[in-house]
Amino acid sequence: MWWEPVVAVAIFPGVLTAILLAFFYQWFDRRVAARMQNRYGPIYVGKWGLLQPIADFVKLMTKQDITPKGAVRPVFTAVPIIYFALVLYLFFYIPITGITGLVSFQGDLLLFFAVTTFEVLFTTLGGWSSRSPYSQVGGIRGALQLLGYETPLELALLLPAVLTGSFRIADIVEYQVARGVPLAGPLLIAFILAFIGLQAEMERLPFDVPEAETEIVAGWLTEYSGKKLALLRLAADIKFVVSAGLIVALFLGGPYPLVCELPPMSPWLETIVLTAIFLAKLTAVIFVFTWLKVVMARFRIDQVLHVCWTFLVPLAVLQLVLVYGYLTLAPFLGW
Amino acid sequence: MSAPTTMEVPVGPQHPALKEPIRLTLYIDGEYVVRVKPRIGYVHRAIEKAFEQRNYIQNLYLAERVCGICSHSHIFCYSQCLDRLLEKPAPPRGEYIRLIVAELERIHSHLLWLGVAFHEIGFDTLWYYVWRDREVVMDLLELVSGNRVNYAMSTVGGARRDIDNLKADKIRKGMNVLEERTKYYLDVCIKDIVSGTSVRRRTEGVAILKTRDAIELGAVGPTARASNVKRDIRADDKYSAYAECWERSGVDVIVWETCDLWARVAVRVLEVIQSIQLIRDALDHMPSGPYRHPLPPVLRIPENEAISMVEAPRGELIHHIRSDGTDRPYRHKVRSPTLGNILPVCKMLEGVYIADVPIAFAGIDPCISCTDRVLHLIDVGRREPRDLGVFNIFELRHWARKRCGGSR
Amino acid sequence: MSELQRMPPEEVVERLRVALPEGALEEARIKEPIYALVRVRRDAWRKALETAKELGFFHVTTISGIDTGDGIEVAYHLRRDVTMEGKSYGGATHLRLSTKVPYDDAKLPTATDLYPSAGLYEREVQDLLGVRFEGHPEPERLVLPEIWPEGMHPLLKRHSLEEVLETIRKVEEELAKRKRAGGAP
Amino acid sequence: MGLRRIFKASFWAEVLDHLRIKPCTILYPFEKREVPPDYRGKLKWYPDRCVGCGICVRVCPGHAIELEGRGKELRAFIWDAGSCAYCGQCVESCPRNAIELTPEYEVVAMSREELVFRWEKTPSSAEATAKT
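Sequence order for the protein chains is A, B, C and D.
Following our numbering, the numbering of the first sequence begins with -18 at its first residue and continues without gaps.
Following our numbering, the numbering of the second sequence begins with 10 at its first residue and continues without gaps.
Following our numbering, the numbering of the third sequence begins with 143 at its first residue and continues without gaps.
Following our numbering, the numbering of the fourth sequence begins with 32 at its first residue and continues without gaps.
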């Protein structure tokens, strides 16, 4: 039917789900972090504070939208929209209801890296265009931090592709389902590196140097307000879900229960079961992200680079050597 | 390559991270701070002039409000000064109660600073934990004195309220909880592999103040003790109940050798444990008898002059009063401890990364109010100084690096 | 003194009396536990400071200026509690060294070369009481705003509280006017 | 075993432990915080005990207390909660214990005028004291 793809894109595994998941997991992240810090977190708006993220979003949408006098107006207004579009675009690649996401082609993993790096460019652009001292420095710090975490992160995320021999997320998920073993097992180091790298990419706590509120107010977000800020906040939440989704797909076998074989059932029931499994894994991964955020002090910008280049890159290379060792020896030992 | 010019960078009086209304003019050379010129006075409330307008009893509550966090130290120092003017020392039980509330306040002040320090380096979880445990001592202070902040526990000739056995037991219970939690924080900062190192990496080797500089520039309190200067008014002067409590509880002045921000964290945490021992000792050997002399309706003090010094949480605090027979002080000089640490902090900031200026400044636990971060950059390099407009302190680092051809 | 020992206040006063010219010691009182209150004549002021430094009083706690009706008494509060290496003497001695300066020529040599930490306190007394310290490295205002009228020193007895408040109001209007005109802070 | 002990002692475990501990925040408007009995809160004046001597007016550091009339002609006791420092000096200096600080800490108002409380010395209580 003609409306099948429209519904798929607009509603189910598409835009609306992305936004709803973003709101839910923002709430989940704030509640879990709060409980870990012995406080309540959002509690009043809606049941257990569930509607708090939506309330924040609506409030920001109604607030006055100020553009600083010196700002480069076109760039300043364009950045939030493009940033949001990029992040949402990546959401379509995450397999939720089956082997493939909404869109899937050979090499979509590489596209993933290109778009994430592109997003950091826009954070810097946003920071630069608002012409305020805080945001300019925040933007520059964002770019500086990119130099640190990008290499280990991309190496870590490429290893499943190297192991399975294809740059397609669907193939990687299919490889895991076929063998019934999540890639987090054999590629444990890459799994850990992916967590650290993505935490840095999302500029969350140990790596939230670009918006270190105690030093430079709100970094590159300082001058944004009203609708633009609402869009940027929502984009950050969707990016959070997308990153977690990527880890689920690459390392935990996507929406499939690797433990047992999926019994044959009607397609409707199957999508529901698969989505449920995907959400369960997603929650687990997001719980670990929150845990990471709560445990360490913020790095200084030079320490970020130091940590990345002296610890993370050698680990990634070690994992690479292991994988290649496995690949070359596999035919002889008949694994 | 042109010799790198030293740039004058005023860090103005309002500052989202710094909590003090001091304006530091940093002379930076590329990446590092070369010299610092302080400018204070943004919240000078002419308290010394106000003291001369009120009588001694009303001044009790004005003295208490000179500083929000160490209010008991001020009223304790002031009442001790009045006792010395009248040459009538307070009854022993009154002195013991003053000591207990002073040490409780030291615990509350140090834990408050520890929390803020963790927040400055971005470790919010520990900040929440430390401030949650600080509530234990705040509740005790409220139980003992009837108010969480301005306790008004000390007055002319002793204490205003008694600490009976019921309250003493509650304090002992609270001390056990606090000791266990404070020791836990020290362990986390030292032993813990991931979180501990992340704290120490941000504090070790930052803002060094060598011993000789600390003495010459007159550093006081934990800032001095963290630079290996064995100076503590409680041990040196042995005023009030410290004469007996100090030896009996077997405590000694806590000193740390590394002279950096990590030393200041360690000294303050160890001092909390020291205060707990002092409180326990004072509670166990609390003498009986009256806890205050009766207060005359109008207090007139014959012509006299007295100095009184107290070890406030931030350092030595001095009240110097000269009376002239009326019921108002002729001259009342107050020197709050932070003023003693202004020059040392300027020395400390020399050679520091500009990114660490807020954390290094918070190291002396300043107690004035808030400073500003947006800078007013005056480019002194060119022939006529050109006002380059408002810049952020980090913008400076980036901009300075361009001008001086790479950071040194 | 190889063995670190606390110097009782009486000994401090004796040492000062010996070191200073005859009659320079105008007043010397010992207050119980550790306080020695000494007032010296103005001409022997510099010598008194140097002697105190030799006796081991490195630490200037504060400087309090007192408007005594016939002149301004400037009192340095010095403490002998730690050696230069930071070792404690086991107890502190507090010396309040002061001298009186007439209103008309309220000038005193600065002590910042002997005691670097006195810099701030001298500037505060200079602001609030109008005693000029010659040779001070940075004699700018410490406590009062830059545009505070010259000669108006709030802590002097001749200025009543109302007069001080009136000046504060005038200064605020001036600052507000400048801000409106967009001048530098 | 070793790893468990190291892990247990580390901060990661402490943070996880907190998931089961009840948060320490008191949800103020819904849960009230109980306060010790001798808390220095809102002032309470006992008209019958007060003889209108005015010591409290002189002693108060914040000039927060005023009396309309002195001695016998005392009509009202005016207390400005805005400028009161809750120090309790008036309670101490009052010869007749006519003033007390209650543990009630919610003294809030929308404007400074509402913070000024005026308690009449009702004639009935005046006659009562006059008669006895």
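Where a beta carbon is used, it is the ideal one built from N, C-alpha and C, also for glycine.
Here the structure is a predicted model, which means the values were calculated and not measured.
Going by other Cβ atoms of all chains shown within 10 Å of its Cβ, with 16 needed for buried, is residue i buried or exposed?
i        : result
D:S142   : exposed
A:W(-16) : exposed
A:W249   : exposed
A:E100   : buried
A:A211   : buried
A:E135   : buried
B:M162   : buried
C:L162   : buried
A:K262   : buried
A:Y305   : exposed
C:A190   : buried
C:D209   : buried
A:P236   : buried
A:L25    : Before going on, a small fix: residue 25 of chain A reads as Tyr here, not Leu. Classification of A:Y25: exposed, given that the 10 Å Cβ count is below 16.
A:K209   : buried
Which two residues bound the contiguous beta strand (DSSP E) that contains residue i?
i      : result
B:E320 : 313 to 321
C:T204 : 201 to 209
B:S332 : 324 to 332
C:E276 : 274 to 276
B:P367 : Unbroken run through B:P367 is the alpha helix (DSSP H), 366 to 371; no beta strand (DSSP E).
D:E151 : 147 to 151
D:W76  : 74 to 76
C:L250 : 249 to 251
Please report how far the alpha carbon of residue i lies from the alpha carbon of residue j, in whole angstroms.
i      : j      : result
A:G146 : B:T212 : 46 Å
A:W29  : D:P60  : 17 Å
A:D10  : A:M246 : 34 Å
A:E182 : A:A217 : 11 Å
B:L121 : B:D142 : 10 Å
C:L270 : B:L135 : 43 Å
A:A3   : A:T58  : 23 Å
A:G129 : A:Q180 : 12 Å
B:F400 : A:V118 : Because B:F400 carries a pLDDT of 41, less than 50, the predicted location of this residue cannot be relied on, and no value is offered for it.
C:E266 : A:Q7   : 53 Å
B:T335 : D:Q120 : 20 Å
B:R93  : B:A228 : 27 Å
B:A244 : A:F188 : 44 Å
A:F72  : A:Q284 : 32 Å
B:R395 : B:V43  : For B:R395, the predicted structure reports a pLDDT of 35, less than 50, and the residue's modelled location is therefore unreliable. A value from the coordinates is still provided. One C-alpha to the other measures close to 21 Å.
C:H236 : B:V158 : 31 Å
Output the boundary residues of the alpha helix (DSSP H) element that contains residue i.
i      : result
A:Y115 : 114 to 145
B:P338 : Per DSSP, B:P338 belongs to no alpha helix (DSSP H); it is in the beta strand (DSSP E), 338 to 344.
C:P258 : No alpha helix (DSSP H) holds C:P258; DSSP gives it neither H nor E.
B:W136 : 133 to 154
B:K179 : 174 to 200
A:L106 : 89 to 110
Could you tell me which residues DSSP puts in a beta bridge with residue i?
i      : result
D:E99  : D:A107
C:I172 : C:A178
B:A168 : B:S163
C:E215 : C:I208, C:K242
A:E242 : For A:E242, which the question treats as bridged, DSSP gives no partner whatsoever.
C:S230 : C:V224
D:E131 : D:K75
Using only CA atoms, which one of the options lies nearest to residue i?
i      : options                        : result
B:P322 : B:I116, B:Y160, B:G349, B:K239 : B:I116
C:G232 : C:E308, C:K249, C:Q147         : C:Q147
B:S332 : B:E325, B:H341, B:L326, B:G324 : B:H341
A:V13  : D:D79, D:E62, D:V46, D:P68     : D:V46
C:M294 : C:D212, C:P150, C:V313, C:P279 : C:V313
A:L69  : A:L233, A:D37, A:T(-2), A:G207 : A:T(-2)
C:P287 : C:H301, C:S302, C:R311         : C:R311
B:R234 : B:V75, B:S249, B:Y300, B:L279  : B:L279
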